[in-house]
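Okay, so here's the structure we're looking at.
Numbering (my numbering), first residue to last: 259 to 875.
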């Protein structure tokens, strides 16, 4: 057992996400909030409620062997930020700041550095015969500073409906009739008050910033936004070394930062996909092209599909002709991946001929990137094997840098050599590896480690007191089944990867009374044939068995003939007439349940078959 523990300061959406990430490790940690108002499910974590003095914090960290502190508090909780940074500075403990995703400041909003600046600006406005109506959406902490505006404006405050918040607002001199419950729908309140101005904190996407701005703009209200405090300011004040802290804005970044600053807290290390590394290399090459950096940079920020940004190392290179490119070294973490350690390179150039491509960015495959030769993939035959999501990542990230038409060439110098050890030759992908990835992240996949992770997730799911668990193969299918069961808590959605049989047994052991299995057709036809581990090392698509299911479903002769030509099971959706689909789905479901139901005899097992468009059958 690894010594030491983690202390999280939360009470926010980010705090709840931090709990979910740390629970995956199956190791003890502590979650501290000022009050007990936030509901959070802990299995391996211990809840701490109430403020501590600085001396009490020091004693707690020493007595509980705290090796890492995570600050997931509100972006505007400056005094808490300062107390946390002071704590880690004195104890020399590494720190992760779990911040909220930043907001696009191009919105039709007036950005202000502080409440004092806002008050000064409003006082300088030429006031008309009637007082300007101002609505504050900044919470009770802003009341004292904004109250001084009441000499020139009619100010209203939307705050938490708690005795403590109300008491503080009244103590700061506000008339009770000017207080409104923050749980009240915003649009009816705006219609009722018809404010000239609203003032809002830039508290990030999880604080509903954009929705509030859009609601205000719809009624013609002017919006002022207070910029969030810069966390680097407090880090500099206490002279925290860059090697001792990381700032992240999402669950994957939090896990990667924890793996770096507290090695071995997680049993297995995560990695990044070839799609993420191709995007990182393209960002670096584009920055070089545009001369955005005065000196060489060691890393760049990449935005992955869930919207969070990760910092990834890059290196400059030069080919035989003297052409400059950027390169990354693929790190698959503890996943047994043959592409681990490969160089992924990108050239980027301005190219007017790219106009007409999506976002005016053309993406080509260079040396070591395979070519598609058969139908059934995200890309057409003859095109490079760069999947849809990596292409979207490249385009979206480069558009954050420039509007110029660009041509991006991705290459993997040893890609053709390594491709022979992948399934690409069987799939008709020639000349190199594929650039792939849905989430941008690789979760470690050794069987023992993955099964332990599933078991821990099952424990957490059961701790919610929900009797229904929904298992799914990964990020894509989880998105669809969550939409199918929107009322269920997020903890009851558990990823099985390929280990369907083991996961069902674990659910039965935990005592769930209902299990829903979300599955794409590629895994479903393997499961229907009795393969409870659907990894390609252990099972492949059995066309003879699929044909027998088609016959049982009374599919037409033309479908059976088309079956011979497909390479991937997901192509079955395309070759099958709509009139045959439901019968075929019913047969596949029956065979799948034939193998699943005996594993959980006291549990209702439901199969959710997901098609290529995310529809559940």
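Think of the CB as a built atom: it goes at the ideal place given N, C-alpha and C, for glycine as much as any other residue.
Small disclaimer: the values here were computed from a predicted structure and weren't measured.
Cβ-Cβ separation between residue 626 and residue 643: approximately 11 Å, too far for a contact (criterion under 8 Å). Ranked by how close their Cα comes to the Cα of residue 777, the residues 864, 547 and 476 have 864 in first place. When the beta-carbon positions are compared, residue 459 and residue 477 stay at least 8 Å from each other.
Taking residue 595 as reference, the option from 310, 528 and 758 with the minimal CA-CA separation is 528. Residue 833 is not a Cβ neighbour of residue 852, given a cutoff of 8 Å.
For residue 776, the enclosing beta strand (DSSP E) covers residues 772-778. Beta-bridge pairing by DSSP links residue 266 to 289 and 328. Distance from the Cα of residue 273 is smallest, within the candidate group 263, 282, 289 and 539, for 289.
In the DSSP assignment, residue 438 is bridged to 416. Non-local C-beta neighbours of residue 305 in its own chain, meaning closer than 7 Å and more than five positions away in sequence, comprise 289, ordered along the chain.
With respect to the 8 Å criterion, residue 731 and residue 564 are not classified as neighbours on the basis of their beta carbons. In the DSSP assignment, residue 603 falls outside any alpha helix (DSSP H) and lies within the beta strand (DSSP E) extending over 601-608. When the five nearest sequence neighbours on each side are left out, the beta carbons in the same chain lying within less than 7 Å of the beta carbon of residue 269 are those of 291, 292, 296 and 331, in order along the chain. In the three-state reduction of the DSSP assignment, residue 831 falls in the helix class. Secondary structure of residue 746 (DSSP, three-state): coil. Just so you know, the alpha carbons of residue 532 and residue 634 end up roughly 21 Å apart.
In this structure, DSSP gives residue 410 a state outside helix and strand, which the three-state scheme calls coil. For residue 585, the three-state secondary structure derived from DSSP is strand.
Residue 308 counts as exposed, since fewer than 16 other beta carbons sit within 10 angstroms of its beta carbon.
Within the segment 661-693, the beta strand (DSSP E) runs of at least 3 residues that lie entirely inside it are, in chain order, 664-669.
In the displayed model, residue 272 falls within a helix according to three-state DSSP. In the DSSP assignment, residue 768 falls outside any beta strand (DSSP E) and within the unbroken alpha helix (DSSP H) covering 758-768. Residue 818 and residue 559 have their alpha carbons spaced roughly 49 Å apart.
Comparing alpha carbon positions, the residue from 675, 494 and 687 closest to residue 637 is 687. In the DSSP assignment, the residues bridged to residue 865 are 775. DSSP places residue 298 in the coil class of the three-state scheme, outside both helix and strand. Out of 379, 857 and 457, the CA that lies nearest to the CA of residue 413 is found in 457. Here the segment 500-513 does not lie against the segment 536-556, with fewer than 3 beta-carbon pairs under 8 Å apart. Each of 346, 348, 327 and 356 was checked against the Cα of residue 275, and the nearest Cα belongs to 356. Considering only 497, 400 and 430, the residue with the shortest C-alpha distance to residue 350 is 497.
The closest CA to that of residue 569, considering only 577, 537, 579 and 597, is found on 537.
Only buried fits residue 432, as 16 or more other CB atoms lie within 10 angstroms of its CB. Considering only 835, 805, 324 and 334, the residue with the shortest C-alpha distance to residue 462 is 334.
The beta carbon of residue 520 sits closer than 8 Å to the beta carbons of 262, 264, 325, 326 and 352 from its chain, once the five residues preceding and following it are set aside; these are given in chain order. When the alpha-carbon of residue 844 is set against those of 751, 320, 813 and 640, the nearest one is in 813.
If you draw a straight line from the Cα of residue 337 to the Cα of residue 319, it comes to about 19 Å.
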